[in-house]
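Once you know that position 35 of the sequence shown is 44 in the numbering used here, the rest is easy, because the numbers rise by one and skip nothing. Beta carbons are placed, not taken as given, at the ideal position from N, Cα and C, and that holds for glycine. Quantities reported herein were computed from a predicted structural model and do not represent experimental measurements. First the structure, in the form of structure tokens, and then the observations on it.
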Amino acid sequence: MSKRDYYDVLGVDKTADEKTMKSSFRKKAMDCHPDRHPDDPQAEARFKELNEAYGVLSDSQKRSAYDRMGHRAFEQGGMGGGSGGFQDFGDIFSQIFGGGGSSGGFSDMFGGGGRRQEAARGSDLRYEMDISLEEAFNGKDVDITIPIAGDCDRCDGLGAEPGASIETCGTCSGSGKVRTQQGFFTMERACSTCGGQGEYVSNPCRKCDGQGQIRQKTDLDVSIPAGVEDGTRIRLSGQGDAAPRGRGQSGDLYIFISVKPHELFEREGPNLFCNAPLPMTTATLGGEIEIPTIDGGRSKIKIPEGSQSGKRLRLRGKGMSVLRSSQRGDMYVELSIETPTKLNKKQRKLLEEFAEISGDDISPESANFFSKARRFWDSLVE
Ligand SMILES: [Zn+2]
Ligand SMILES: [Zn+2]
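Shown next, in the form of structure tokens:
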């Protein structure tokens with residue numbers, strides 16, 4: 010396969026000066042940069058070819074060798090260079106674009122102001138959503154309306170009044186950046202002539218003030234999956250602000266979920282906890298109570314005779330739904346025995362009689378506690 014002429018590759022003529030070559034290289038390199046065309050071998054090949062050509066022509070020695078001998082100058086026995094010497098195009102890139110070498114991603118290299126904003130991402134957006142515990146359990150489809158930045162329809166995102174011209178900034182050749190050398194340091198700053206935009210708009214769009222974008226209320230249908238937790242962040246890829254000039258990737262939209270506290274249930278991961286007050290008599294005699302469940306149903310639970318406060322009963326599979334799963338957590342019902350208050354005469358009398366005929370054996374815990382207390386006092390006396 011015969012190699013293409015380096016000048017043709019760069020799209021410049023043989024008398025082109027350094028500045029012209031550089032700006033042509035930039036433009037072409039951005040068009041076929043592998044980060045912009047992942048998995049496109051053709052773009053990658055073009056990118057390599059471009060780097061090779063620029064690597065030779067930007068070096069005055071190599072350029073004159075190439076001018077004299079063509080590609081033969083870099084073949085075996087030639088002065089070297091050629092494709093072998095330019096595998097690491099990160100080097101050339103850092104010279105031209107500033108910033109890190111090949112390890113820095115596309116966005117790093119092209120970040121900052123100016124025309125490289127074409128490759129910039131739109132902003133991410135954040136939306137706060139409060140939902141109830143029942144909604145977290147069931148999942149929910151919600152319609153939300155949020156202002157999302159998109160191309161201005163008057164100027165098609167160009168920022169110029171229809172018919173107005175857009176001119177490349179002469180000071181920075183459209184790069185939006187100016188480099189100055191101070192001793193050992195090369196400083197790069199935004200071009201002051203164009204404000205880092207790399208271009209002028211002779212007559213900015215009236216609707217968007219030359220921004221190229223306007224925020225418009227946009228309706229979105231958001232699906233909240235069953236099992237979300239408080240603090241869950243749902244990412245809607247590409248639903249954020251459009252990239253400036255509509256040519257880069259749109260930002261993402263993040264839905265931040267807050268689950269409101271519930272009157273009856275407390276949640277811990279997939280499990281729910283419910284505190285159930287129980288009349289003293291039921292706890293003593295045993296019985297059955299009905300407990301509400303998060304799915305809106307009821308569960309009957311048996312209270313064993315002599316149940317104590319703090320006893321936990323487990324309802325298997327009656328807890329929260331689990332994200333991306335058909336499983337459910339458990340529900341724990343914690344009993345708390347309610348001491349009767351406001352007794353009438355008859356009730357009081359019955360309880361007094363009950364106390365009279367009751368010995369230690371019906372409340373072993375208290376009997377145990379008081380016998381320990383007695384031993385403690387006795388040991389102090391001795
Ligand atoms: Zn506009
Ligand atoms: Zn400029």
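Are G221 and L167 close, meaning C-beta to C-beta below 8 angstroms?
Position 212 of the sequence shown, counted from the start, is the residue given in the question as residue 221. Position 158 of the sequence shown, counted from the start, is the residue given in the question as residue 167. Less than 8 angstroms divides the Cβ of G221 from the Cβ of L167.
Rounded distance between the beta-carbons of T202 and C181, thought under 8 angstroms: Numbered from its first residue, the sequence shown carries residue 181 at position 172. Numbered from its first residue, the sequence shown carries residue 202 at position 193. Right, the Cβ-Cβ distance comes to about 7 angstroms (below 8 angstroms), so this counts as a contact.
Would you tell me roughly how many angstroms separate the C-alpha atoms of H271 and K320, rounded to the nearest one?
For this step, residue 271 is matched to residue 262 along the sequence shown. For this step, residue 320 is matched to residue 311 along the sequence shown. Distance from the CA atom of H271 to the CA atom of K320, rounded to whole angstroms, is 22 angstroms.
**Report entry** Distance CB(I155)-CB(T227) smaller than 8 angstroms
**Finding:** Within the sequence shown, the letter at position 146 stands for residue 155. Within the sequence shown, the letter at position 218 stands for residue 227. Yes. Within cutoff.
For the beta strand (DSSP E) containing T291, name the first residue and the last one.
Here the question's residue 291 lines up with position 282 in the sequence shown. Here T291 belongs to no beta strand (DSSP E); instead the alpha helix (DSSP H) covers 289-294.
Original post:
Around ligand 2, what residues have a beta-carbon under 5 angstroms from a heavy atom of it, in chain order?
Top reply: That gives C178, T180, C181, C200, T202, C203.
G4: CB within 7 angstroms of a non-hydrogen atom of ligand 1: Residue numbering for the chain in the displayed model covers 10 to 391; residue 4 lies beyond these limits and cannot be assessed.
>> Does the beta-carbon of R163, which I'm using as the reference point, lie nearer than 7 angstroms to any heavy atom of ligand 1?
In response: Taking the first residue of the sequence shown as 1, we reach residue 163 at position 154. A distance criterion of 7 angstroms places the beta-carbon of R163 in contact range of ligand 1, judged by its closest non-hydrogen atom.
- Going by DSSP, name the residue or residues bridged to L273. By 1-based counting over the sequence shown, the position of residue 273 is 264. Answer is none; L273 lacks a bridge partner.
I think L134 touches I157, with their Cβ atoms under 8 angstroms apart; what is that distance to the nearest whole Å?
For the purposes of this step, residue 134 is identified with residue 125 of the sequence shown, where counting begins at 1. For the purposes of this step, residue 157 is identified with residue 148 of the sequence shown, where counting begins at 1. With 8 angstroms as the limit, L134 and I157 qualify as a contact, their Cβ atoms being about 7 angstroms apart.
Next item on the list: In the DSSP assignment, find the unbroken beta strand (DSSP E) run with T195 in it and report its ends.
Entry: Working through the sequence shown from its first residue, we reach residue 195 at position 186. Its beta strand (DSSP E) spans residues 194-199.
**Asked** Under the rule that 16 or more other beta-carbon atoms within 10 Å means buried, what is K309, buried or exposed?
**Response** For the purposes of this step, residue 309 is taken as residue 300 along the sequence shown, with counting starting at 1. It counts as exposed.
In three-state DSSP terms, what is R333?
Here residue 333 refers to the residue found at position 324 when the sequence shown is read from its first residue. Reduced to three states, the DSSP call for R333 is coil.
Q. Closest by CA to E53, which one among A62, P43, E61, S132?
A. Here residue 53 is taken as the residue at index 44 of the sequence shown, counted from 1. Put simply, of A62, P43, E61, S132 the residue whose alpha carbon is nearest the alpha carbon of E53 is P43.
- Query: If L287 sits next to L344, beta carbons under 8 angstroms apart, how far is it from one beta carbon to the other, in whole angstroms?
  - Reply: Along the sequence shown, one-based indexing puts residue 287 at 278. Along the sequence shown, one-based indexing puts residue 344 at 335. Confirmed, Cβ separation roughly 5 angstroms.
Minimum length 4: unbroken alpha helix (DSSP H) runs contained in the region 183-261
List check, alpha helix (DSSP H) in window: nothing returned.
Can you check the region 298-358 for any alpha helix (DSSP H) of at least 4 residues that lies completely inside it and give the ranges in chain order?
Runs of the alpha helix (DSSP H) inside the region 298-358: none found.
Open item on the list: Please list the terminal residues of the continuous alpha helix (DSSP H) segment that includes K37.
Closed with: Here residue 37 refers to the residue found at position 28 of the sequence shown. Membership of K37 in the alpha helix (DSSP H) is indicated by the continuous run 27-41.
Inset, instruction - Indicate whether the contact test is met: 3 or more Cβ pairs, each with one atom in the region 292-299 and one in the region 262-269, closer than 8 angstroms. - result: Below 8 angstroms, too few C-beta pairs join the region 292-299 and the region 262-269 to call them touching: fewer than three.
>> Taking contact to mean 3 or more Cβ pairs, one atom from each stretch, closer than 8 angstroms, check whether the region 337-353 and the region 364-380 are in contact.
In response: Output reads no: the region 364-380 does not touch the region 337-353.
*Using the rule of at least 16 other Cβ atoms within 10 Å of the residue's Cβ for burial, across every protein chain shown, is N353 buried or exposed?*
Counted from its first residue, the sequence shown places residue 353 at position 344. Exposed.
Fill in: The beta strand (DSSP E) enclosing R72, as first and last residue numbers
Numbered from its first residue, the sequence shown carries residue 72 at position 63. Run containing R72: none in the beta strand (DSSP E); it sits in the alpha helix (DSSP H), 69-78.
Note down, in chain order, each residue of its chain lying with its Cβ closer than 8 angstroms to the Cβ of F56, except the 5 sequence neighbours on either side. Against the sequence shown, residue 56 aligns to sequence position 47. Cβ contact annotation for F56 (same chain, cutoff 8 angstroms, sequence separation greater than five): A38, C41, H42, P43, F98, in chain order.
Worksheet item: Is the CB-CB distance between M329 and L281 below 8 angstroms?
Response: Residue numbering aside, residue 329 sits at position 320 when the sequence shown is read from its first letter. Residue numbering aside, residue 281 sits at position 272 when the sequence shown is read from its first letter. Yes. Within cutoff.
When you compare the CB positions of G185 and Q206, do they come within less than 8 angstroms of one another, or not? Taking the sequence shown and counting its residues from 1, the one referred to as residue 185 is at position 176. Taking the sequence shown and counting its residues from 1, the one referred to as residue 206 is at position 197. It is a contact, given that the beta carbons lie within the stated cut-off.
Check your understanding: Alpha carbon to alpha carbon, how far is K23 from A62?
Key -> Position 14 of the sequence shown holds residue 23. Position 53 of the sequence shown holds residue 62. In this structure, the alpha-carbon of K23 lies about 13 angstroms from that of A62.
TODO: Report yes if the C-beta of G257 is less than 7 angstroms from at least one heavy atom of ligand 1; otherwise report no.
DONE: Here residue 257 is taken as the residue at index 248 of the sequence shown, counted from 1. Checking the Cβ of G257 against ligand 1 gives no.
Distance check for Q225 and D26, CA to CA, integer angstroms please. Against the sequence shown, residue 26 aligns to sequence position 17. Against the sequence shown, residue 225 aligns to sequence position 216. Rounded to whole angstroms, D26 to Q225 spans 46 angstroms at the Cα level.
Going by beta-carbon coordinates alone, are D152 and S232 separated by less than 8 angstroms?
Here residue 152 refers to the residue found at position 143 when the sequence shown is read from its first residue. Here residue 232 refers to the residue found at position 223 when the sequence shown is read from its first residue. For D152 and S232, no; Cβs fall outside 8 angstroms.
query = Would L389 be called buried (16 or more neighbouring beta carbons within 10 Å of its own) or exposed?
reply = Mapped onto the sequence shown, residue 389 falls at position 380. Burial call: exposed.
- Just to confirm, does G221 get its C-beta within under 7 angstroms of one of the non-hydrogen atoms of ligand 1? The count along the sequence shown starts at 1 and reaches residue 221 at position 212. G221: yes, Cβ under 7 angstroms from ligand 1.
By DSSP, does V151 sit in helix, in strand, or in coil?
Within the sequence shown, the letter at position 142 stands for residue 151. Three-state DSSP puts V151 in a strand.
Next on the checklist: Let me check you understand the geometry: is the CB of C41 closer than 7 angstroms to at least one non-hydrogen atom of ligand 1?
Outcome noted: Within the sequence shown, numbered from 1, the residue matching residue 41 stands at position 32. Taking 7 angstroms as the cut-off, one finds no heavy atom of ligand 1 near enough to the beta carbon of C41.
- [ ] Answer with buried or exposed for G236, where buried requires no fewer than 16 other C-beta atoms within 10 angstroms of its C-beta.
- [x] In the sequence shown, counting from the first residue as 1, residue 236 sits at position 227. Counting of Cβ neighbours within 10 angstroms places G236 among the buried residues, the total reaching 16 or more.
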